[in-house]
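Below you'll find the structure, written out as structure tokens, and then a few comments.
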Amino acid sequence: MIFTMTIELSLRVERLLQQLLDRAEARAVYLSDKGGNIIAQRTMAEYQNEENMSALAAGSFFATQELARLIGEGGFHCVFHQGGNNSVYMQSLEGEMLMLVVFDKESNPGLVRLYANETGRSVERLLAEEDQSNQGLPAIGMEFEINESAQPFSQSS
Amino acid sequence: MAFINFARREIAFKIVYYGPALCGKTTNLEQIHMAVDPRTRGELTMLSTQQDRTLFFDFLPLKSDVIKGFISKFQLYTVPGQNIYNETRKLVLRNVDGVVFVADSQFDKMEENLDSLANLESNLRLQNDSLARLPYLLQFNKRDLPMVAPVHYIDFLLNNRETRVPTIEAVSTEGVGVFETLNLMSKMVMAHFMKQNNLAGSSLPDEVCVSER
Ligand SMILES: Nc1nc2c(ncn2[C@@H]2O[C@H](COP(=O)(O)OP(=O)(O)OP(=O)(O)O)[C@@H](O)[C@H]2O)c(=O)[nH]1
Ligand SMILES: [Mg+2]
Numbered sequence: 001m002i003f004t005m006t007i008e009l010s011l012r013v014e015r016l017l018q019q020l021l022d023r024a025e026a027r028a029v030y031l032s033d034k035g036g037n038i039i040a041q042r043t044m045a046e047y048q049n050e051e052n053m054s055a056l057a058a059g060s061f062f063a064t065q066e067l068a069r070l071i072g073e074g075g076f077h078c079v080f081h082q083g084g085n086n087s088v089y090m091q092s093l094e095g096e097m098l099m100l101v102v103f104d105k106e107s108n109p110g111l112v113r114l115y116a117n118e119t120g121r122s123v124e125r126l127l128a129e130e131d132q133s134n135q136g137l138p139a140i141g142m143e144f145e146i147n148e149s150a151q152p153f154s155q156s157s
Numbered sequence: 001m002a003f004i005n006f007a008r009r010e011i012a013f014k015i016v017y018y019g020p021a022l023c024g025k026t027t028n029l030e031q032i033h034m035a036v037d038p039r040t041r042g043e044l045t046m047l048s049t050q051q052d053r054t055l056f057f058d059f060l061p062l063k064s065d066v067i068k069g070f071i072s073k074f075q076l077y078t079v080p081g082q083n084i085y086n087e088t089r090k091l092v093l094r095n096v097d098g099v100v101f102v103a104d105s106q107f108d109k110m111e112e113n114l115d116s117l118a119n120l121e122s123n124l125r126l127q128n129d130s131l132a133r134l135p136y137l138l139q140f141n142k143r144d145l146p147m148v149a150p151v152h153y154i155d156f157l158l159n160n161r162e163t164r165v166p167t168i169e170a171v172s173t174e175g176v177g178v179f180e181t182l183n184l185m186s187k188m189v190m191a192h193f194m195k196q197n198n199l200a201g202s203s204l205p206d207e208v209c210v211s212e213r
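Note that the protein sequences, when read in sequence, are chains A and B.
Just so we're aligned: the first sequence equals residues 1 to 157 in my numbering.
Just so we're aligned: the second sequence equals residues 1 to 213 in my numbering.
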């Protein structure tokens, strides 16, 4: 199985994320899949280890989903982690996607949540449309050329 | 589930190191982090208890240029080997593209190896996957210890499925076999990805998108 993000879809998703970033005055917005891959993002601040952030967000969010299930709840729709200066808001989307919003004390958590909800729904619609238009497309290949001469990874000397 | 982003020219694969408690999964990632070309690695995140036992997972993102014109990302995860953490093992396995099964070579660990492999299979089944469809290999770790089982015996126990998979002997604390494992796994994952999607040889414009399993 392979999930593909076309240039077109990427632009449309990122436009939505940018809107959220602006309206909520957030630091960063990421969309990830359930495996923790960043699918799209818009950021104000530079974060060094975005992939680690995304892996941790996905892990912790889906762990709370399991917790919800164990206490007889279908799942938690969203999770807030509030810090002194920086906070994160996570929200699940259809198709087991996760939206992560990083914001600081300049933002209002209530508004972050409100705008994130709206954006979440738009992203869901967009991905659902894409899913349908994709159905039945044959898996004809793209040109992928593997660099046979080298190992994928080498030890530094 | 591999992930391609044409806007960013990125392909991402998820590799999970699986195996019984204390077999050396975390040690593999630590060795890779320590020895790999620093330009190709990100930060090593470890979620462990005070006793260095993995509690949730370890995570190490790597980048390679093996696929021309793309950044190939390999996201390495370990699972916690202790029995009680099965829920978190299931979470870490989500969307996996390839598994390195790290076996502990010591004689008295054979039952734990078998249990862990069975546990892997049942967790894969829960996400409609299976070892028959997923690239995986066996690493026989801790070959430096005195009471280790012969390789052919471990192989007989763990590698007796329809398709035999590659095996690699390792002393992961010393880095022996660690890169061999990583490179072989990476290639297996890429080969599988190409084959599943009939990718090699034909061409398709960037804008066109593919395909579900
Ligand atoms: N002698 C020897 N010791 C090893 C080797 N590989 C790992 N160890 C040791 O075994 C112990 C456990 O290693 P870890 O890498 O933490 O094991 P793990 O599989 O991550 O364990 P969990 O997180 O509990 O599942 C450590 O003390 C390591 O130093 C090896 O090849 N030889
Ligand atoms: Mg560990």
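Ideal placement from N, C-alpha and C gives every residue a C-beta, glycine not left out.
Check: Three or more beta-carbon pairs under 8 Å between the segment 13-23 of chain A and the segment 112-127 of chain A, yes or no?
Finding: Per the Cβ contact rule, the segment 13-23 of chain A is in contact with the segment 112-127 of chain A (3 or more Cβ pairs under 8 Å).
Next item on the list: Could you say if the segment 37-56 of chain B and the segment 120-127 of chain B meet the contact criterion of at least three C-beta pairs nearer than 8 Å?
Entry: As far as the Cβ criterion goes, the segment 37-56 of chain B does not touch the segment 120-127 of chain B, which means the pair count is below three.
Item checked: Under the three-state DSSP convention, the category His33/B falls into -> His33/B falls in the helix class under three-state DSSP.
Next item on the list: Have a look at Ala35/B, Ile32/B, Asp115/B and Asp155/B and flag the residue whose alpha-carbon is nearest the alpha-carbon of Leu137/B.
Entry: Nearest C-alpha to Leu137/B: Asp155/B.
Next item on the list: For Leu56/A, return the contacting residues in chain B, with the cut-off set at a CB-CB distance below 7 Å.
Entry: Neighbours of Leu56/A on chain B, chain order: Thr45.
Check: Which residues, in order along the segment 48-73 of chain B, keep a beta-carbon less than 8 Å from a beta-carbon of chain A?
Finding: Going along the segment 48-73 of chain B in chain order, one finds Phe56, Phe57, Phe59, Pro61, Leu62, Ser64, Asp65, Val66, Ile67, Lys68, Gly69, Phe70, Ser72 and Lys73 with a Cβ nearer than 8 Å to chain A.
Margin query: Distance cutoff 8 Å, beta carbons only. Does Ser122/B sit that close to anything in chain A?
Written below: Against chain A, the CB of Ser122/B has no partner CB under 8 Å away; the residue lies outside that interface.
Next item on the list: Following the continuous alpha helix (DSSP H) through Leu41/A, name the residue where it begins and the one where it ends.
Entry: Inspection of the sequence shows that residue 41/A is occupied by Gln rather than by Leu. The continuous stretches of alpha helix (DSSP H) do not include Gln41/A, which lies in the beta strand (DSSP E) extending over residues Ile38 to Thr43.
Check: Of the residues that make up the segment 26-38 of chain B, which ones have a beta carbon closer than 8 Å to any beta carbon in chain A?
Finding: Taking 8 Å as the Cβ-Cβ cut-off against chain A, the residues of the segment 26-38 of chain B that qualify are Ile32, Ala35, Val36, Asp37 and Pro38.
Next item on the list: List the whole-angstrom C-beta distance separating Asn86/A from Val102/A, where the pair is believed to meet the contact cut-off of C-beta under 8 Å.
Entry: The pair is a contact, with the Cβ atoms about 7 Å apart (cut-off 8 Å).
Margin query: Let me see if you follow: with CB-CB separation under 8 Å, is Lys105/A close to chain B or not?
Written below: No - not a single Cβ of chain B is within 8 Å of the one on Lys105/A.
Item checked: For Leu91/B and Ala63/A, believed in contact at Cβ under 8 Å, the rounded distance -> With a Cβ gap of about 6 Å, Ala63/A and Leu91/B count as contacting.
Note to self: What does the alpha-carbon distance come out to for the pair Gly19/B and Lys34/A?
What the structure shows: Near 22 Å, if we compare the C-alpha coordinates of Lys34/A and Gly19/B.
Checklist line | Neighbourhood of Val165/B by C-beta, 7 Å cutoff - its chain only, sequence neighbours within 5 removed | finding: Cβ-Cβ distances below 7 Å link Val165/B to Tyr136, Leu137, Leu138 and Asn159 in the same chain, with the five nearest sequence neighbours on each side left out; the list follows chain order.
Check: From Met5/A to Thr173/B, what does the alpha carbon distance come to, in whole angstroms?
Finding: So the alpha carbons of these two residues sit roughly 39 Å apart.
Check: Taking a cut-off of 7 Å, which residues have a beta-carbon closer than that to any heavy atom of ligand 2, in chain order?
Finding: Look at which beta carbons fall closer than 7 Å to any heavy atom of ligand 2; those residues are Lys25/B, Thr26/B, Ser48/B, Arg53/B, Thr54/B, Asp58/B, Thr78/B, Pro80/B and Gly81/B.
Next item on the list: Within its chain, find whatever has a CB closer than 8 Å to the CB of Asn86/B; leave out the 5 residues flanking it on each side and keep chain order.
Entry: Within the same chain, and ignoring the five residues on either side of Asn86/B in sequence, the residues whose Cβ sits closer than 8 Å to its Cβ are Asn119 and Asn123.
Checklist line | Contacts of Met190/B in chain A (Cβ-Cβ under 7 Å) | finding: Correct list: Ile146.
Margin query: Within a Cβ cutoff of 6 Å, which residues of the same chain sit near Thr26/B, ignoring the five residues on either side of it in sequence?
Written below: Contacts found: Thr54, Asp58 and Thr78.
Notebook entry, point to check: What residues of chain A sit near Arg125/B, judged by a beta carbon separation below 9 Å?
Noted result: For Arg125/B, no chain A residue has a C-beta closer than 9 Å to its own C-beta; the minimum C-beta separation is roughly 16 Å.
Check: Out of curiosity, what's the CA-to-CA distance linking Tyr89/A and Gln75/B?
Finding: The alpha-carbon atoms of Tyr89/A and Gln75/B are separated by roughly 24 Å.
Note to self: Among Lys195/B, Arg94/B, Ala7/B and Pro80/B, whose alpha-carbon lies nearest the alpha-carbon of Cys23/B?
What the structure shows: Sorting Lys195/B, Arg94/B, Ala7/B and Pro80/B by C-alpha distance to the C-alpha of Cys23/B places Pro80/B at the top.
Margin query: Rounded to the nearest angstrom, what separates Ser92/A and Cys78/A at their Cα positions?
Written below: Rounded to the nearest angstrom, the two C-alpha atoms are 6 Å apart.
Next item on the list: Would you mind reading off the limits of the alpha helix (DSSP H) that contains Ser54/A?
Entry: Looking at the DSSP string, the run of the alpha helix (DSSP H) that includes Ser54/A is Glu50 to Leu70.
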